[in-house]
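So the protein sequences, as listed, match chains A and B.
The opening position of the first sequence corresponds to residue 3 in this note's numbering, with each subsequent residue numbered one higher.
The opening position of the second sequence corresponds to residue 3 in this note's numbering, with each subsequent residue numbered one higher.
Please read the structure below before turning to the comments.
There are 2 protein chains.
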Amino acid sequence: MKANILFSGGKDSSLCSLLLESFFDIKLITCTFGLLETSQMSRNIAEILGFSHEVIELNKNILIQACKIIIQDGFPNNAINYIHRQALLEVISKKKKKNYLIADGLRRDDKVPKFELSEIKSLENKYCINYISPLIGYGRSTIDQLVEKYLEIEENESKIMKKCDYESELRESLNIDLGEKETDKLFPSSHMQSRVISRKNI
Amino acid sequence: MKANILFSGGKDSSLCSLLLESFFDIKLITCTFGLLETSQMSRNIAEILGFSHEVIELNKNILIQACKIIIQDGFPNNAINYIHRQALLEVISKKKKKNYLIADGLRRDDKVPKFELSEIKSLENKYCINYISPLIGYGRSTIDQLVEKYLEIEENESKIMKKCDYESELRESLNIDLGEKETDKLFPSSHMQSRVISRKNI
Numbered sequence: 003m004k005a006n007i008l009f010s011g012g013k014d015s016s017l018c019s020l021l022l023e024s025f026f027d028i029k030l031i032t033c034t035f036g037l038l039e040t041s042q043m044s045r046n047i048a049e050i051l052g053f054s055h056e057v058i059e060l061n062k063n064i065l066i067q068a069c070k071i072i073i074q075d076g077f078p079n080n081a082i083n084y085i086h087r088q089a090l091l092e093v094i095s096k097k098k099k100k101n102y103l104i105a106d107g108l109r110r111d112d113k114v115p116k117f118e119l120s121e122i123k124s125l126e127n128k129y130c131i132n133y134i135s136p137l138i139g140y141g142r143s144t145i146d147q148l149v150e151k152y153l154e155i156e157e158n159e160s161k162i163m164k165k166c167d168y169e170s171e172l173r174e175s176l177n178i179d180l181g182e183k184e185t186d187k188l189f190p191s192s193h194m195q196s197r198v199i200s201r202k203n204i
Numbered sequence: 003m004k005a006n007i008l009f010s011g012g013k014d015s016s017l018c019s020l021l022l023e024s025f026f027d028i029k030l031i032t033c034t035f036g037l038l039e040t041s042q043m044s045r046n047i048a049e050i051l052g053f054s055h056e057v058i059e060l061n062k063n064i065l066i067q068a069c070k071i072i073i074q075d076g077f078p079n080n081a082i083n084y085i086h087r088q089a090l091l092e093v094i095s096k097k098k099k100k101n102y103l104i105a106d107g108l109r110r111d112d113k114v115p116k117f118e119l120s121e122i123k124s125l126e127n128k129y130c131i132n133y134i135s136p137l138i139g140y141g142r143s144t145i146d147q148l149v150e151k152y153l154e155i156e157e158n159e160s161k162i163m164k165k166c167d168y169e170s171e172l173r174e175s176l177n178i179d180l181g182e183k184e185t186d187k188l189f190p191s192s193h194m195q196s197r198v199i200s201r202k203n204i
């Protein structure tokens, strides 16, 4: 069985791929709007992890719409949820394979992105795919212990840490439109992000 | 890290143990009220899977209370939810170990048992333990494919299939009190259960 994992190069999507590798043929998929140098970065981390990798360029209208949402809301939750859903749909519609298995690194204690069960079932039924979130049954403490044992990571504030996730490109797009000072007001003052450096205890 | 998995000998808790075995030192725990011959059966299946195993006898008052609930409700959901919560609490209180990791085989599409996130967090904080449900991010179709690949199972109606789960002993207790005909009315007319026979593709 093949599992296609939405991959940001951070600890969650990387741990997700490690948890699945004994049971699935893993392909990591990084979605990007082409605004930052995320393609090469994600490719490098996928290579370090030892998995095949693909970059999918998302329609820029998704980013434009996400910027509208965050500006209207004044906080990023709904905008990031929106991008995540649209990214899933774009990947699924580009693949058009029945029983396509798509996975992500969402976890139990995440505030965003977040899916309701009804949305997941609707997605699966509509597109005849399977969607899994292997970390959704794990709490922060257990995940931290697994990450500590199996991954070497660097962590920093999401404002500084450039990685291959939606927030980095959302920030970049807003920086261009509004400037850094106004953009900063739309995000929590502190939010740590991670990037994988290497595997441990393979 | 040690993972203590609530184990019924069915496909879900067995698959849960397979998903975790590369990352944790597995111990399977079967909870019983001592009403059926579940100890030996669960021990045999644990041995087939290749994991260490312990039987914990639950306080019979839990079963008495569950019988009251199902009779009052006329359907088994709340009674089974109640037993699952009490079983978790009994195991945790008997172990009294900080950072004790307890896991179960609950999955995304299960109707019961089911936990709210707030309940899980309350349990973790109150007892300083970690609770995980590795299958909760998986849908039925993906689980069926994994079971097909890695486990040989037998399936039958829950009324017939004796296994080491709460429903078997709940039914047995009600059979004794109410007779089989009245007991049958309290459960769905058709509900398949599984029991593991062997591992495949190790």
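Just so it is clear, CB atoms sit at the ideal spot from N, CA and C, and this is done for glycine as well.
Please compile the residues from chain A whose C-beta is within a distance smaller than 7 Å of the C-beta of residue i.
i	result
B/Asn132	Gly141, Ser143, Thr144
B/Ser135	Gly139
B/Arg197	Within 7 Å Cβ-Cβ: nothing; B/Arg197 doesn't reach chain A, min ~22 Å.
B/Met3	Gln147
B/Leu51	Per Cβ cutoff of 7 Å: no residues; B/Leu51 is ~15 Å from chain A at best.
If you measure between the beta carbons of residue i and residue j, is that distance less than 7 Å?
i	j	result
A/Ile82	A/Val114	yes
A/Ile71	A/Asn61	no
A/Ile134	B/Gly107	no
A/Glu169	A/Ser160	yes
A/Cys130	A/Thr40	no
B/Ile64	B/Gln88	yes
A/Ile50	A/Ser200	yes
A/Asn132	B/Gly141	yes
A/Asp157	A/Leu38	A small correction: the amino acid at residue 157 of chain A is Glu; Asp does not occupy that position in the sequence shown. Cβ distance not < 7 Å, so A/Glu157 and A/Leu38 don't count as in contact.
A/Cys18	A/Pro136	yes
A/Ala105	A/Tyr84	no
B/Gly76	B/Glu59	no
A/Leu22	A/His55	no
B/Ser24	A/Ser24	yes
At 8 Å on the CB atoms, spell out the chain A contacts of residue i, in chain order.
i	result
B/Ser124	None at all; the shortest Cβ gap to chain A is about 12 Å.
B/Leu172	None at all; the shortest Cβ gap to chain A is about 25 Å.
If I follow the unbroken alpha helix (DSSP H) through residue i, where does it start and stop?
i	result
B/Ser135	No alpha helix (DSSP H) holds B/Ser135; DSSP gives it neither H nor E.
B/Glu121	119-129
A/Leu148	142-152
A/Leu51	40-51
From this set, the options, which residue's C-alpha is nearest residue i's C-alpha?
i	options	result
A/Ser44	A/Lys187, A/Ser160, A/Ser10	A/Ser10
B/Lys116	B/Glu49, B/His86, B/Ser95	B/His86
B/Asn6	B/Leu176, B/Asn101, B/Met194, B/Ala68	B/Asn101
A/Leu188	A/Val198, A/Arg197, A/Ser196, A/Asn177	A/Asn177
A/Ser16	A/Met3, A/Arg173, A/Phe53	A/Phe53
B/Arg110	A/Ile104, A/Glu118, A/Asp112	A/Glu118
B/Arg197	B/Met163, B/Asp186, B/Gln74	B/Met163
B/Lys13	B/Ile204, B/Asn203, B/Gln195	B/Gln195
B/Leu8	B/Ser24, B/Ile94, B/Gly36, B/Ser143	B/Ile94
B/His193	B/Pro78, B/Ile73, B/Lys29, B/Leu21	B/Pro78
A/Glu150	A/Lys183, A/His55, A/Asn203	A/Asn203
A/Ile122	A/Tyr152, A/Leu90, A/Val57	A/Leu90
A/Ile28	A/Leu103, A/Glu184, A/Lys183	A/Leu103
Closer than 7 Å by beta-carbon distance: list the chain B residues that pair up with residue i, in chain order.
i	result
A/Ser24	Ser24
A/Ile138	Ile138, Gly139
A/Arg45	The premise fails here: A/Arg45 is roughly 26 Å from chain B at the closest Cβ pair, so nothing lies under 7 Å.
Anything in chain B within Cβ reach of residue i, meaning under 8 Å, just list it in chain order.
i	result
A/Leu103	Thr144
A/Met210	Because chain A in this structure spans residues 3 to 204, residue 210 of chain A falls outside the shown range and cannot be described.
A/Arg201	Here the premise fails: no neighbours, minimum Cβ distance about 13 Å.
Terminal residues of the continuous beta strand (DSSP E) containing residue i?
i	result
B/Ile204	Where B/Ile204 is concerned, there is no enclosing beta strand (DSSP E), given that its DSSP letter is neither H nor E.
A/Glu174	From DSSP, A/Glu174 is part of no beta strand (DSSP E) but of the alpha helix (DSSP H) over 168-180.
B/Leu17	Per DSSP, B/Leu17 belongs to no beta strand (DSSP E); it is in the alpha helix (DSSP H), 13-22.
A/Leu103	103-105
Kindly identify the DSSP beta-bridge partner or partners of residue i.
i	result
A/Cys33	A/Ile58
A/Lys1	With chain A covering only 3 through 204, there is no way to say anything about residue 1 of chain A.
A/Ser160	Paired residue(s): none; A/Ser160 is not in a bridge.
A/Val93	None; A/Val93 has no bridge partner.
B/Arg197	B/Glu156
Which chain B residues are close to residue i, counting only those with a beta carbon under 9 Å from its beta carbon?
i	result
A/Leu176	None at all; the shortest Cβ gap to chain B is about 30 Å.
A/Leu119	Arg110, Asp111
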